[in-house]
Amino acid sequence: MSSHFSCVGFPVDDMDAYWALARRAAVEGTRLPVQDGSALVRWAPQNQHPLTLPSPAGRGERVGPEIWAQVSETGEVIGATPFFSTGAAHALAVTGIGEDPEEALDGWIDGWLEPAEPDEPYSGAFPLRVSLLDFALVRSRITAFPTTRRVEIAALTHEAELYENETAYRTAPGDTYRLPLDSFASTAHAGIDDAGDFAEATALAGGRIAQARLLINPVSEVPYWWMQVSLRNATLHAFADRETLGKEPQAGNILWASFWLVGRMV
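Quick look at the structure:
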(Lines of atoms letter the chains of each structure in order from A and count residues from 1; the text may use other names and numbers.)
(Lines give C-alpha, C1' and ligand atoms only; values in the text may rest on other atoms or scores of the structure.)
Protein backbone atom coordinates (compact mmCIF):
# COMPACT_ATOMS: atom_id res chain seq x y z
CA MET A 1 0.00 0.00 0.00
CA SER A 2 1.52 3.30 -1.11
CA SER A 3 1.55 6.65 0.67
CA HIS A 4 0.02 9.37 -1.47
CA PHE A 5 3.10 11.48 -0.74
CA SER A 6 5.57 8.77 -1.80
CA CYS A 7 3.80 8.57 -5.16
CA VAL A 8 5.48 11.88 -6.06
CA GLY A 9 8.72 11.39 -4.16
CA PHE A 10 7.94 12.86 -0.74
CA PRO A 11 8.72 10.13 1.83
CA VAL A 12 6.26 10.51 4.73
CA ASP A 13 6.67 7.60 7.11
CA ASP A 14 4.98 9.01 10.22
CA MET A 15 2.95 11.96 11.47
CA ASP A 16 6.05 13.93 12.49
CA ALA A 17 7.28 13.81 8.88
CA TYR A 18 3.80 14.73 7.63
CA TRP A 19 3.53 17.84 9.78
CA ALA A 20 7.12 18.87 9.04
CA LEU A 21 6.35 18.72 5.31
CA ALA A 22 3.04 20.55 5.76
CA ARG A 23 4.70 23.37 7.71
CA ARG A 24 7.50 23.70 5.18
CA ALA A 25 4.99 23.94 2.34
CA ALA A 26 3.04 26.59 4.26
CA VAL A 27 6.18 28.69 4.73
CA GLU A 28 7.74 28.32 1.27
CA GLY A 29 4.67 28.15 -0.96
CA THR A 30 2.40 30.71 -2.60
CA ARG A 31 -0.50 31.77 -0.37
CA LEU A 32 -4.02 31.64 -1.85
CA PRO A 33 -6.47 33.38 0.53
CA VAL A 34 -9.91 31.86 1.12
CA GLN A 35 -12.91 34.09 1.75
CA ASP A 36 -13.41 32.95 5.37
CA GLY A 37 -9.88 34.02 6.36
CA SER A 38 -8.22 30.65 5.98
CA ALA A 39 -5.79 29.92 3.15
CA LEU A 40 -4.39 27.35 0.78
CA VAL A 41 -0.65 27.43 0.14
CA ARG A 42 0.68 25.92 -3.08
CA TRP A 43 4.30 24.81 -2.81
CA ALA A 44 5.74 23.85 -6.18
CA PRO A 45 9.49 23.37 -5.72
CA GLN A 46 11.22 23.71 -9.06
CA ASN A 47 13.56 21.15 -10.49
CA GLN A 48 17.11 22.27 -11.06
CA HIS A 49 16.51 21.44 -14.71
CA PRO A 50 13.02 22.18 -16.10
CA LEU A 51 11.05 18.98 -16.57
CA THR A 52 8.70 18.46 -19.48
CA LEU A 53 6.12 15.77 -20.11
CA PRO A 54 4.09 15.31 -23.29
CA SER A 55 0.95 17.44 -23.39
CA PRO A 56 -2.20 16.95 -25.52
CA ALA A 57 -1.23 20.04 -27.49
CA GLY A 58 2.00 18.36 -28.50
CA ARG A 59 4.26 20.77 -26.63
CA GLY A 60 6.11 20.44 -23.36
CA GLU A 61 4.79 22.22 -20.25
CA ARG A 62 6.70 22.93 -17.06
CA VAL A 63 5.55 20.31 -14.57
CA GLY A 64 6.47 18.83 -11.22
CA PRO A 65 5.46 17.61 -7.76
CA GLU A 66 3.62 19.92 -5.39
CA ILE A 67 2.35 20.09 -1.81
CA TRP A 68 -0.82 22.05 -1.04
CA ALA A 69 -0.93 23.11 2.62
CA GLN A 70 -4.05 24.27 4.42
CA VAL A 71 -3.91 27.09 6.98
CA SER A 72 -6.73 27.99 9.38
CA GLU A 73 -8.08 31.47 10.09
CA THR A 74 -5.75 31.66 13.10
CA GLY A 75 -2.67 30.78 11.05
CA GLU A 76 -2.39 27.16 12.16
CA VAL A 77 -1.28 24.62 9.55
CA ILE A 78 -4.09 22.06 9.52
CA GLY A 79 -3.27 19.76 6.62
CA ALA A 80 -1.37 19.02 3.43
CA THR A 81 -2.05 17.20 0.16
CA PRO A 82 0.41 15.94 -2.49
CA PHE A 83 -0.08 16.63 -6.19
CA PHE A 84 1.75 16.56 -9.50
CA SER A 85 1.16 19.32 -12.02
CA THR A 86 1.22 17.62 -15.42
CA GLY A 87 0.57 20.70 -17.57
CA ALA A 88 -2.27 18.76 -19.23
CA ALA A 89 -5.86 19.67 -18.33
CA HIS A 90 -8.88 17.48 -19.07
CA ALA A 91 -12.34 18.65 -20.03
CA LEU A 92 -14.71 17.51 -17.29
CA ALA A 93 -18.49 17.81 -17.51
CA VAL A 94 -19.19 18.49 -13.84
CA THR A 95 -22.44 16.93 -12.61
CA GLY A 96 -22.07 17.33 -8.84
CA ILE A 97 -20.00 18.83 -6.04
CA GLY A 98 -19.66 18.17 -2.33
CA GLU A 99 -17.71 18.92 0.82
CA ASP A 100 -15.58 16.44 2.70
CA PRO A 101 -17.49 15.71 5.93
CA GLU A 102 -14.29 15.63 8.00
CA GLU A 103 -12.09 18.36 6.49
CA ALA A 104 -13.32 21.95 6.30
CA LEU A 105 -11.30 23.00 3.23
CA ASP A 106 -11.62 19.74 1.29
CA GLY A 107 -14.20 18.77 -1.29
CA TRP A 108 -14.81 16.97 -4.55
CA ILE A 109 -16.50 17.15 -7.91
CA ASP A 110 -18.22 14.43 -9.92
CA GLY A 111 -18.28 14.46 -13.68
CA TRP A 112 -17.71 12.76 -17.00
CA LEU A 113 -14.22 12.94 -18.48
CA GLU A 114 -13.67 14.40 -21.96
CA PRO A 115 -17.30 14.78 -23.12
CA ALA A 116 -17.62 14.26 -26.87
CA GLU A 117 -20.52 16.72 -27.10
CA PRO A 118 -20.35 20.07 -25.25
CA ASP A 119 -24.05 20.06 -24.36
CA GLU A 120 -24.19 16.38 -23.36
CA PRO A 121 -22.15 15.58 -20.23
CA TYR A 122 -22.85 11.85 -20.38
CA SER A 123 -21.03 11.62 -23.71
CA GLY A 124 -17.75 11.53 -21.77
CA ALA A 125 -15.39 8.56 -21.56
CA PHE A 126 -16.45 7.58 -18.02
CA PRO A 127 -17.67 9.11 -14.74
CA LEU A 128 -15.28 9.86 -11.91
CA ARG A 129 -14.91 11.74 -8.67
CA VAL A 130 -11.94 14.10 -8.20
CA SER A 131 -10.75 15.47 -4.86
CA LEU A 132 -10.10 19.17 -5.52
CA LEU A 133 -7.03 20.85 -4.05
CA ASP A 134 -8.59 24.26 -4.67
CA PHE A 135 -12.13 23.33 -3.60
CA ALA A 136 -12.32 26.22 -1.11
CA LEU A 137 -11.44 28.69 -3.89
CA VAL A 138 -13.71 27.41 -6.66
CA ARG A 139 -16.75 26.16 -4.75
CA SER A 140 -18.69 29.41 -5.16
CA ARG A 141 -18.08 29.47 -8.93
CA ILE A 142 -19.94 26.21 -9.59
CA THR A 143 -23.62 26.98 -9.18
CA ALA A 144 -25.34 25.09 -12.01
CA PHE A 145 -25.03 21.60 -13.47
CA PRO A 146 -23.86 20.29 -15.77
CA THR A 147 -20.99 22.66 -16.44
CA THR A 148 -17.80 21.88 -18.36
CA ARG A 149 -14.53 22.85 -16.68
CA ARG A 150 -10.84 22.25 -17.28
CA VAL A 151 -9.30 20.11 -14.56
CA GLU A 152 -5.73 18.91 -14.10
CA ILE A 153 -5.78 15.41 -12.59
CA ALA A 154 -3.11 13.22 -11.00
CA ALA A 155 -3.82 9.56 -10.21
CA LEU A 156 -1.85 8.61 -7.09
CA THR A 157 -1.43 4.85 -6.90
CA HIS A 158 -2.55 2.80 -3.89
CA GLU A 159 -1.89 -0.69 -5.23
CA ALA A 160 -0.69 -1.91 -8.61
CA GLU A 161 0.15 -4.93 -10.72
CA LEU A 162 2.19 -4.79 -13.93
CA TYR A 163 1.70 -7.28 -16.76
CA GLU A 164 4.01 -7.68 -19.72
CA ASN A 165 1.24 -7.50 -22.30
CA GLU A 166 -2.48 -7.96 -22.91
CA THR A 167 -2.25 -11.75 -22.99
CA ALA A 168 -0.50 -11.86 -19.63
CA TYR A 169 -3.17 -9.58 -18.19
CA ARG A 170 -6.07 -11.66 -19.46
CA THR A 171 -4.61 -15.01 -18.41
CA ALA A 172 -3.03 -14.08 -15.06
CA PRO A 173 -3.81 -16.61 -12.31
CA GLY A 174 -5.30 -15.73 -8.94
CA ASP A 175 -8.52 -14.41 -7.50
CA THR A 176 -7.84 -10.68 -7.93
CA TYR A 177 -10.64 -8.92 -9.79
CA ARG A 178 -9.36 -7.27 -12.96
CA LEU A 179 -11.38 -4.88 -15.03
CA PRO A 180 -11.66 -5.41 -18.78
CA LEU A 181 -8.70 -3.82 -20.51
CA ASP A 182 -8.96 -0.03 -21.02
CA SER A 183 -11.67 0.21 -18.36
CA PHE A 184 -12.07 2.62 -15.44
CA ALA A 185 -14.39 2.21 -12.44
CA SER A 186 -14.98 5.05 -10.00
CA THR A 187 -15.68 4.02 -6.41
CA ALA A 188 -18.34 6.72 -6.10
CA HIS A 189 -20.16 5.56 -9.25
CA ALA A 190 -19.61 1.81 -9.46
CA GLY A 191 -20.42 0.66 -5.94
CA ILE A 192 -16.94 -0.82 -5.46
CA ASP A 193 -17.11 0.01 -1.76
CA ASP A 194 -20.06 0.20 0.61
CA ALA A 195 -19.50 3.93 0.91
CA GLY A 196 -22.82 5.06 2.40
CA ASP A 197 -23.40 8.78 2.09
CA PHE A 198 -19.77 9.60 1.27
CA ALA A 199 -17.34 7.97 -1.14
CA GLU A 200 -13.68 8.80 -1.60
CA ALA A 201 -12.30 10.02 -4.93
CA THR A 202 -10.83 6.61 -5.71
CA ALA A 203 -10.99 4.29 -8.69
CA LEU A 204 -9.79 1.08 -10.29
CA ALA A 205 -8.32 1.05 -13.79
CA GLY A 206 -6.77 -1.40 -16.19
CA GLY A 207 -4.95 0.20 -19.10
CA ARG A 208 -1.99 0.11 -21.42
CA ILE A 209 1.11 2.14 -20.53
CA ALA A 210 1.85 4.51 -23.40
CA GLN A 211 4.93 6.04 -21.76
CA ALA A 212 6.75 5.75 -18.44
CA ARG A 213 9.54 7.76 -16.89
CA LEU A 214 11.47 7.60 -13.63
CA LEU A 215 11.45 11.07 -12.07
CA ILE A 216 13.46 12.50 -9.18
CA ASN A 217 11.81 14.70 -6.55
CA PRO A 218 13.78 18.00 -6.45
CA VAL A 219 13.43 18.31 -2.65
CA SER A 220 13.96 14.77 -1.37
CA GLU A 221 15.90 13.40 -4.37
CA VAL A 222 13.72 10.30 -4.06
CA PRO A 223 12.79 8.60 -7.38
CA TYR A 224 9.22 7.75 -8.37
CA TRP A 225 7.38 6.75 -11.54
CA TRP A 226 5.23 8.77 -13.91
CA MET A 227 3.10 6.71 -16.28
CA GLN A 228 0.82 7.80 -19.10
CA VAL A 229 -1.95 5.19 -19.13
CA SER A 230 -4.28 4.79 -22.11
CA LEU A 231 -7.92 4.04 -21.30
CA ARG A 232 -11.10 4.09 -23.34
CA ASN A 233 -11.21 7.54 -25.00
CA ALA A 234 -8.98 9.07 -22.33
CA THR A 235 -5.45 9.18 -20.95
CA LEU A 236 -4.55 9.12 -17.27
CA HIS A 237 -1.38 10.50 -15.68
CA ALA A 238 -0.50 8.04 -12.90
CA PHE A 239 2.23 8.25 -10.26
CA ALA A 240 3.67 5.54 -8.04
CA ASP A 241 6.66 4.83 -5.86
CA ARG A 242 9.02 2.07 -6.90
CA GLU A 243 8.03 -0.24 -4.05
CA THR A 244 4.38 -0.23 -5.11
CA LEU A 245 5.15 -1.11 -8.73
CA GLY A 246 7.73 -3.73 -7.83
CA LYS A 247 9.42 -3.55 -11.22
CA GLU A 248 10.18 -1.10 -14.00
CA PRO A 249 7.16 -0.18 -16.14
CA GLN A 250 7.63 -0.25 -19.90
CA ALA A 251 5.62 1.13 -22.80
CA GLY A 252 3.18 -1.57 -23.84
CA ASN A 253 2.85 -3.07 -20.37
CA ILE A 254 -0.61 -3.37 -18.84
CA LEU A 255 -1.19 -1.61 -15.53
CA TRP A 256 -3.92 -2.70 -13.14
CA ALA A 257 -4.15 -0.29 -10.22
CA SER A 258 -6.26 1.44 -7.61
CA PHE A 259 -5.86 5.21 -7.39
CA TRP A 260 -6.77 8.31 -5.46
CA LEU A 261 -7.71 11.05 -7.94
CA VAL A 262 -6.65 14.55 -6.96
CA GLY A 263 -6.89 17.64 -9.14
CA ARG A 264 -7.29 21.37 -9.49
CA MET A 265 -9.29 23.60 -11.80
CA VAL A 266 -7.32 25.57 -14.38
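FYI, the UniProt record's numbering numbers position 46 of the sequence shown as 46, with every residue one higher than the one before it. Backbone N, C-alpha and C define an ideal beta-carbon position, used for all residues, glycine too. On a predicted model such as this, the values are computed, not experimentally measured, just so you know.
Sequence-distant residues of the same chain with beta carbon closer than 8 Å to residue i, five excluded per side
i, result
"Arg170", "Leu181"
"Ser140", "Gln35"
Contact check, residue i vs residue j, beta carbons under 7 Å
i, j, result
"Trp95", "Asp110", "Note that residue 95 corresponds to Thr in the displayed sequence, not to Trp. Contact: yes."
"Ala93", "Pro121", "yes"
"Trp43", "Gly64", "no"
"Pro173", "Ala212", "no"
"residue 282", "Leu40", "Since the first residue of the chain shown is 1 and the last is 266, residue 282 is not available in this structure."
"Trp225", "Ala240", "yes"
"Arg208", "Trp256", "no"
"Phe83", "Ala154", "yes"
"Ala22", "Ala80", "yes"
"Glu159", "Ser85", "no"
"Glu73", "Ser38", "yes"
DSSP-derived helix/strand/coil call for residue i
i, result
"Asp13", "coil"
"Val34", "coil"
"Thr235", "strand"
"Leu21", "helix"
"Phe259", "strand"
"residue 285", "No answer is possible for residue 285: it lies beyond the span of the chain, which begins at 1 and ends at 266."
"Ser230", "strand"
"Leu137", "helix"
"Glu99", "strand"
"Val130", "strand"
"Arg8", "Note on residue identity: the sequence assigns Val, not Arg, to residue 8. Here Val8 sits in helix by DSSP."
"Val27", "helix"
"Leu113", "strand"
"Leu245", "helix"
Sequence-distant residues of its chain with Cβ nearer than 6 Å to residue i (five each side left out)
i, result
"Pro223", "Leu214 and Ile216"
"Ser3", "Val12"
"Ala188", "Arg129 and Ala199"
"Glu97", "According to the sequence provided, residue 97 is Ile. The question's Glu does not apply to it. Excluding residues within five positions, the ones whose Cβ falls inside 6 Å are Ile109 and Ile142."
"Pro101", "Phe198"
Close-in-space but distant-in-sequence residues of the same chain around residue i (CB under 7 Å, 5 per side omitted)
i, result
"Glu164", "Asn253"
"Leu245", "Ala160, Leu162 and Trp225"
With 16 other Cβ atoms within 10 Å as the buried cut-off, status of residue i
i, result
"Val266", "exposed"
"Arg232", "exposed"
"Ala251", "exposed"
"Ser6", "buried"
"Pro33", "exposed"
- Mind pulling the beta strand (DSSP E) runs of 3 or more residues that sit fully within the region 148 to 225? Those beta strand (DSSP E) runs which fall completely within the region 148 to 225 and span 3+ residues are 183 to 186 and 202 to 216.
- Task: Please specify which runs of the beta strand (DSSP E), each continuous and at least 3 residues long, are wholly inside the region 63 to 95, giving them in chain order.
- Result: 64 to 71 and 77 to 85
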